[in-house]
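What follows is a short report on a single structure.
Number of protein chains: 4
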Amino acid sequence: MIPRYSRPEMVAIWSPETKFRIWYEIEAHACDAQAALGVIPKANAEAVWRAKDVEFDVARIDEIEAVTKHDVIAFLTHLAEHIGSEDARFVHQGMTSSDVLDTTFNIQLVRAADILLADMDRVLAALKNRAFEHKDTVRIGRSHGIHAEPTTMGLTFARFYAEMDRNKARLAAARDEVATGAISGAVGTFANIDPAVEEHVCAQLGLRPEPISTQVIPRDRHAMFFATLGVIASSIENVAIEIRHMQRTEVLEAEEYFSPGQKGSSAMPHKRNPVLTENLTGLARLVRMAVVPAMENVALWHERDISHSSVERGIGPDTTITLDFALNRLAGVIEKLVVYPENMLKNMNKFKGLVMSQRVLLALTQAGVSREDAYRLVQRNAMKVWEQGKDFREELLADAEVTAALSPAEIEEKFDLGYHTKHVDTIFARVFGA
Amino acid sequence: MIPRYSRPEMVAIWSPETKFRIWYEIEAHACDAQAALGVIPKANAEAVWRAKDVEFDVARIDEIEAVTKHDVIAFLTHLAEHIGSEDARFVHQGMTSSDVLDTTFNIQLVRAADILLADMDRVLAALKNRAFEHKDTVRIGRSHGIHAEPTTMGLTFARFYAEMDRNKARLAAARDEVATGAISGAVGTFANIDPAVEEHVCAQLGLRPEPISTQVIPRDRHAMFFATLGVIASSIENVAIEIRHMQRTEVLEAEEYFSPGQKGSSAMPHKRNPVLTENLTGLARLVRMAVVPAMENVALWHERDISHSSVERGIGPDTTITLDFALNRLAGVIEKLVVYPENMLKNMNKFKGLVMSQRVLLALTQAGVSREDAYRLVQRNAMKVWEQGKDFREELLADAEVTAALSPAEIEEKFDLGYHTKHVDTIFARVFGA
Amino acid sequence: MIPRYSRPEMVAIWSPETKFRIWYEIEAHACDAQAALGVIPKANAEAVWRAKDVEFDVARIDEIEAVTKHDVIAFLTHLAEHIGSEDARFVHQGMTSSDVLDTTFNIQLVRAADILLADMDRVLAALKNRAFEHKDTVRIGRSHGIHAEPTTMGLTFARFYAEMDRNKARLAAARDEVATGAISGAVGTFANIDPAVEEHVCAQLGLRPEPISTQVIPRDRHAMFFATLGVIASSIENVAIEIRHMQRTEVLEAEEYFSPGQKGSSAMPHKRNPVLTENLTGLARLVRMAVVPAMENVALWHERDISHSSVERGIGPDTTITLDFALNRLAGVIEKLVVYPENMLKNMNKFKGLVMSQRVLLALTQAGVSREDAYRLVQRNAMKVWEQGKDFREELLADAEVTAALSPAEIEEKFDLGYHTKHVDTIFARVFGA
Amino acid sequence: MIPRYSRPEMVAIWSPETKFRIWYEIEAHACDAQAALGVIPKANAEAVWRAKDVEFDVARIDEIEAVTKHDVIAFLTHLAEHIGSEDARFVHQGMTSSDVLDTTFNIQLVRAADILLADMDRVLAALKNRAFEHKDTVRIGRSHGIHAEPTTMGLTFARFYAEMDRNKARLAAARDEVATGAISGAVGTFANIDPAVEEHVCAQLGLRPEPISTQVIPRDRHAMFFATLGVIASSIENVAIEIRHMQRTEVLEAEEYFSPGQKGSSAMPHKRNPVLTENLTGLARLVRMAVVPAMENVALWHERDISHSSVERGIGPDTTITLDFALNRLAGVIEKLVVYPENMLKNMNKFKGLVMSQRVLLALTQAGVSREDAYRLVQRNAMKVWEQGKDFREELLADAEVTAALSPAEIEEKFDLGYHTKHVDTIFARVFGA
């Protein structure tokens, strides 16, 4: 975790306090189920709940672990210090450490996913607002970084909305994938514990029982989870790159909000740098790097090896914390993005009228000119704009071969911007609903 | 594509012939829609279908492309050679190359996914068969490569089944994600083509219209697709590693089928190596390596840059072909895997009775011995088995502290294998249905 | 391999013909060494060389392999068809397949590296030429995509030169790393073959004996090799991104060479897209994706497993072929890049004089103004340029607080471009030598 | 950073205190150089050194940064609080933040590399010790997890030594690559600062001047650095996997040291799990995941963008801390590894004499039997051992076709273990020197 790229709500999910709290709840619910089955005395199960309001002492547990070299045993020893070793003696019965650890990890991932889903709602709301705000703000569409045809700023926001909305559905699916728990014993056979315990604990904690586990919950679920976070990060990068391009000195169609007291550079006071979106570009790389190790974690040996554990101690908190921060930073950037519609128009007209060449090409074809000839006619006039700074419309009007096919009025009509925005409402209806 | 790791059916999807065929169908359907809208003459649209049974001449198209340096223009020029340049003149009208290329790519991915889904059905069928065949074949479960408690070979197959079944659902979702088409023009605004064309073409080709595209279909869809293939590959690796472990000389609980004429080694004729599953381990790495570039492809500049194209020319065919081959190889390995139940029993008893230690521990606890004492009692007898090759049951029966808590009959009962398999049916019902 | 991104010279290295030729040479040299040791008859060793000019029949070898399912045995069988089975009987004696396969793979990588090193020489030559050509071509330096201070186009080329030169040194080291051969038998103990054979074969083929091998040559060497290719690819991306930025419509400081007959777009004839550098960006991703699997190949089980083999069948040819193509494409792009010095000046002056703010800031500080005050003074005038299009120099001259510290002449002097280029020769001397 | 996988010495390199200390030294040395050039007053330069023994107040700097939103400005402001704003006024003159940040980052990487090199020395020493200790400890060599021919445990340690020794050379080279500093101003032109300052600062801090920088030091250096760490991690995984295999219940040729008080499992007291090497396997994945983002960092926009920064804030500390921990853990595992030579012999004889089949094959060939016949003869007897548990030597002696070619004495001689170890000294001399 990098403190400057973290938010307390997500950090809290990964604190030792939260972890021990979840361990406790799993053990306590398991005792209830065991008591209901008659495996352990009801009184002992009830006794465990006496620690309900205890804040477990992380330092003390660490101290015990230093001796036992086993974290779950350390926790159980500490728990016994609270409820008495006599009453604690049936806690964890028939369970294996991984029953607790894996179920806990999944609960943490589910909670993390819930925060991320809320984050995405904030991003989506911002994108939607800005999309409608700039639905008709015309700017040039670019392919290969080169002017193509007009589009609108609203469409840009709308496509990022549609992409993030897909990501939300993906994350909801990935959350669902990891919302399982397992209390199935040392190799997943329930030899020493009835499946009813697993069912009870999962029901209490909002999970589904893992249909078949070994000592651990299968890691393909987690691979899919982190792969999904990687895709979301890539979409964040997508928005970030767009904004970084827009803020370039030569383009300046938008700028990240620049607070009055902020200094852009220690050396060049005039600079307003898109540092937030550049930062998001880097954060996307950090999130994405968890994908391959999460996949390498799938092939555990036999009923489990523990190689996945260190990986997850890293990527579990780091990836969710970084992505949570990134989504919130992204939302803020979008909410406050300063858009310059006038610069958009200025840029579009850098090569006077040239972006309308496709329309003219089509009109010539429809007027009976062969595709090859039409292409040649358009290209010859386009090159004069490109190379000599001429005005495309004027050149066309002065080209006898062109005017032989198209009337001046027909040529003029090709330069109407409305032509390019006529389906914006249709697209918005597709994206945001009618 | 590596020829030895490819199957013709999947290779065919990525052939130039298939590609041009799909291009043709997109163009022809688009002409129909344009004619229905009155944008182009019906006769011209109909004329395009005259090429319906033509096998396009790949060499000729390459020849034209060498001049035009543009693949779609080359194809259209060649198409005109078939239907006449007069009739061909409305083909592709209002469309941009990417409308054709991206819709084609998605069709190829959808077809590839359909083959992969069928492959997975074969793997699932094999796993299910072998799971039921070995439902009660007892073997030792292992954590950390160390004997833990008994499980059954059927449970091993069943968990691979459950994992692959999840993968199938993931791939179905990923297939659905890429089952979109776009005919939306140079920057996705439909300026020169009515959305109705896109709707018609997509409907004809089994796709949904992309709600909002730029010049291209957004690449987050493809990132998710390849990420999903990466997860599937990781699950293949998971099965492969299990089998490789089982075939080790010292373990020998199973072997890949070894055909009579096959030579295992040029030097050591006795060797039967798990070369298929080792190969699958490598193929998994090859599939997985597509994930990160697919994610790097998401952040295209503005309405598109073409950096994704070379990546997809590589990973599109290579990854699907490799995964298709791997799934089929995996299915074959599972179908024909030679299982050695007697070796499983022999291995389980390597340390006589030691794998039952957990049961004894529990029994002692339930008989009123404290957790710490029970642990000490079990460990002390276990160590004698481990270090001196003693028999665990006999040691327990001879340990006065143990027999003070448990009767000989109670101790004997702890060594009943049925104890460990009693919930196999429950788990099978969860995995395969009641 | 993607045919359109390949060059025949590199492809040839990976052909079956080349592979069998190398196998043959290894076997023949090994026979010589065995004969010299008296292990096999001299006559038989000499007989092997009778096949010296044979072009081995790949189809025939494949046919044999279909039966034996072992490639080296198939080749040896075919070799016997040429030199007679009696004379062939000592070929491969004491060797294991991997002796041949691994030594061959390293020879192929060495040859591939030699081509890549030559490719890099071409890139370096182009960068050096263009660097000196544009040593004094002033353009604005940009951080965060925002104008910073003037630099020169020559410095841009020079830094790419320095980076590629480092890459060349890295590749030379990586080539050296894989320039080893092993003829050490089934588990690397030389049990059945004298180390002298390995020494002879390696000496003949330009390799060093691998100091300690198992059945295979250790794969950390190859991991380092592919990691190095990944770094080179990232540097290609670095140059490509710079050019793509320069070619943006709004910037247009350079363009990829656009041949007269070339069509930029099927729809927009005016477009000149930086498609080569966009392609290079994608190719960089393809090369880089080999790095992780090459690292995953290091941890082979015991004296070898064959999981690395399929990976290397993919990344061996694909990565070197793609990188070879990319380096040559890059060289061509640099050699023919059309540079627009006048646009560079125009861009630099977009915000009149603003890029000199740092100099003014320093001058104020040196004139005794506190850092904070100087910053405030510069920022206040800079903002007028930024927001109202004013001329920075004029604003400064009109700002009483500024002129209280600096005379008009001192202010004027701050706008001298020579100030920024005065150390270009120093830097060139560092990069290219005095 | 994951606290449980970290060592204080490496953590200290990445503390804010260390960072500010390096910043301070860079600034102070730069002032000296500026004073020597006459750019700033000598008195002011000397004044800066008054803070030589100050421990900078991280909390205070953070407080200032919260206002300025710029870390270097915050530090300089704090420095002024120590030496007085009058004397501090020339600090940082002509420099840009990145001059400080990048030079600092490289110093940190160099220091980290020095620790890692020392770590590797510890690993190398352990491997060498264990190699000589077990030079003649015979064990079976395995390919594909299947018994091949005898080797020795010493050779296993020796090959890990050779591999780690290569890694040390690689890291030394990578350390050298990042041992550069840059004080070259906003876009690397030295416009506002003389190259002599850079030279002085670098000389004082043990760095070379970066020959050509932009605002930043080129990131190909860092990509190479992290790629090298990735290769080292893969070699750690290689050793870890070997040990995990050796500790399997069925193999048990070695065990990680198991301290008396340690509990292997909460449920199965007899278990001794290779948890350290499993952990190392996971840590290797964590280190390796930094490689791709480090490569993605190379292509910064123009003279710099800041996307690399967040990545490096993550992977800079995390990767070096994790690798440092892993190398030390690895050294400990090797130093204390419990080796079981008697189990090695037991395993080797699992299939009686079968591992000698290669020798018999060769002997038959040399006795004039054709390769094909010899193969058939060996295979037929080998299969009896494999399938019926027969003794290979006895079967050969009873096979008339075999004894027709080889005398009983010749057959017996093939089962001499010394045959396989005769070149161990030769190999040791190659690896460790004569």
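Chains as they are written, first to last, in my numbering: chain A, 1 to 434; chain B, 435 to 868; chain C, 869 to 1302; chain D, 1303 to 1736. Each residue gets a CB set at the ideal place from its N, CA and C atoms; glycine is no exception. Computed from a predicted model, the values in this text were never measured in an experiment.
The criterion of a C-beta distance shorter than 7 Å is not satisfied by residue 1462 (chain D) and residue 1419 (chain D).
DSSP places residue 651 (chain B) outside any beta strand (DSSP E), giving it a letter other than H or E. In the structure shown, residue 1223 (chain C) adopts helical secondary structure according to DSSP, grouped into three states.
In terms of Cα proximity to residue 155 (chain A), the closest of B:797, B:621, B:568 is B:621. For residue 140 (chain A), the enclosing beta strand (DSSP E) stretches over residues 138-143. For residue 624 (chain B), the residues of chain A that pass the 7 Å Cβ criterion are 423, in the order they occur in the chain. It is roughly 44 Å from the alpha-carbon of residue 319 (chain A) to the alpha-carbon of residue 528 (chain B).
Between residue 1202 (chain C) and residue 1601 (chain D), the C-beta spacing is not below 7 Å.
Secondary structure at residue 1534 (chain D): helix, using DSSP grouped into helix, strand and coil.
The beta carbon of residue 187 (chain A) sits closer than 7 Å to some beta carbon of chain B. For residue 254 (chain A), the pairing in a beta bridge is given by DSSP as A:339.
Straight-line measurement puts the Cα of residue 742 (chain B) at about 11 Å from the Cα of residue 1152 (chain C).
About 17 Å separates the Cβ atoms of residue 1253 (chain C) and residue 1232 (chain C), ruling out a contact at the 8 Å cut-off. Between the C-alpha atoms of residue 1008 (chain C) and residue 1224 (chain C) there is a straight-line separation of about 11 Å. Per DSSP, the beta-bridge partners of residue 209 (chain A) are A:181. Proximity of residue 1692 (chain D) to chain B, defined by a Cβ-Cβ separation below 7 Å, is not satisfied. Among the residues of chain D, those whose CB is under 9 Å from the CB of residue 292 (chain A) are 1587, 1590, 1591, 1594, following chain order.
Each of A:136, A:317, A:1 was checked against the Cα of residue 418 (chain A), and the nearest Cα belongs to A:136.
Every unbroken stretch of the alpha helix (DSSP H) spanning 4 or more residues and falling wholly within the stretch 1212-1283 of chain C is given here in chain order: 1225-1234, 1239-1256, 1260-1265, 1268-1271, 1276-1281. Ranked by Cα distance from residue 213 (chain A), the options B:861, B:867, B:785 are led by B:861. Residues are counted here when their Cβ sits less than 7 Å from a Cβ of chain C; for the stretch 741-767 of chain B these are 741, 742, 743, 744, 745, 747, 748, given in chain order. Chain-ordered listing is empty here: chain D has no CB closer than 8 Å to the CB of residue 1253 (chain C), the nearest sitting near 18 Å.
Residue-level contact check: residue 708 (chain B) touches chain D, since one or more beta carbons of chain D fall below 7 Å from its beta carbon. From the beta-carbon of residue 600 (chain B), the residues of chain A found nearer than 9 Å are 177, 218, 220, 221, 224.
Taking a contact as a CB-CB distance under 8 Å, the pair residue 343 (chain A) and residue 253 (chain A) counts as one, their CB atoms being some 5 Å apart. The beta carbon of residue 1534 (chain D) sits closer than 6 Å to the beta carbons of 1469 from its chain, once the five residues preceding and following it are set aside; these are given in chain order.
With fewer than 16 neighbouring CB atoms inside 10 Å of its own CB, residue 1076 (chain C) falls in the exposed class.
Looking at the DSSP output, residue 1057 (chain C) shares a beta bridge with no other residue.
Residue 1069 (chain C) has its alpha-carbon roughly 12 Å from the corresponding atom of residue 1062 (chain C).
Sequence-distant Cβ neighbours of residue 808 (chain B) in its own chain, meaning closer than 6 Å and more than five residues away, are 795, 798, 799.
Residue 149 (chain A): member of the beta strand (DSSP E) spanning 146-152, first to last residue.
At least 7 Å separates the CB of residue 475 (chain B) from every CB of chain A. Residue 1157 (chain C) sits close to residue 727 (chain B), with the two beta carbons spaced by under 7 Å.
Of the residues C:1280, C:921, C:880, the one whose Cα lies closest to the Cα of residue 893 (chain C) is C:921. Close partners of residue 305 (chain A) in chain B (Cβ separation under 8 Å): 577, 578, 579.
Below 8 Å, too few C-beta pairs join the stretch 436-447 of chain B and the stretch 652-660 of chain B to call them touching: fewer than three.
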